[in-house]
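Heads up: the sequence shown begins at 561 in this note's numbering, then just goes up one per residue.
From the three backbone atoms N, C-alpha and C, an ideal C-beta is built for every residue, glycine too.
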Amino acid sequence: MPPKKKTHEVTLALEAGNAAMVDLGKMLGPTGANMRAVKVEYDEATSKNRGEIIPVIVSVYEDRSHTLAYKTPPTSFLIRKSLGIQSGAANPLTTTVGTLSATQVKEIAERKLPDLNANDLDAAIKIVAGTARSMGVKVAS
């Protein structure tokens with residue numbers, strides 16, 4: 561049997577364990593995928609990370625079947641969660657919204673490593689630190 565032909569690929573950033581049908585409808589409606597099945601599968605797979613934003617890549621095939629590929633939460637989300645803040649600085653050059661310890665940066669980098677364009681943990685730490693600085697967050701060394 562030949563492999564199924566992929567007709568659509570959609571990346572969604574949804575709340576873990578509680579995907580909103582409105583968001584799914586807007587993005588998946590044109591693909592013909594079964595939105596209810598995608599929601600149930602996503603919610604079951606991400607229920608242990610409730611409250612986080614877990615991106616997912618939905619691949620839809622000719623026969624309207626689908627596969628889900630899960631990513632790690634966005635770096636900015638992990639930084640905000642770690643500091644307990646709602647958003648980064650409006651002007652990161654003049655405003656500081658918090659300070660991340662070296663341990664916090666390392667924990668975030670370890671979690672993000674599979675999705676980062678980095679070969680090792682040191683490179684991942686530099687990427688996370690750069691994201692933090694662009695948000696107006698100081699990084700303790």
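Of the candidates Thr-632, Ser-701 and Asn-609, Asn-609 places its Cα closest to the Cα of Asn-578. Annotation: Pro-590 to Lys-566 spans about 14 Å, alpha carbon to alpha carbon. Contact fails between the region 614 to 632 and the region 653 to 660, because fewer than three Cβ pairs, one in each stretch, are under 8 Å apart. The beta carbon of Ile-639 lies closer than 7 Å to those of Leu-660, Ile-668, Thr-691, Ala-692, Met-695 and Val-697 in the same chain, with the five residues before and after it left out.
Shown here for Thr-656: same chain residues with a beta carbon closer than 8 Å to its own, the five before and five after excluded, namely Ala-649, Gly-696, Val-697 and Lys-698 in chain order.
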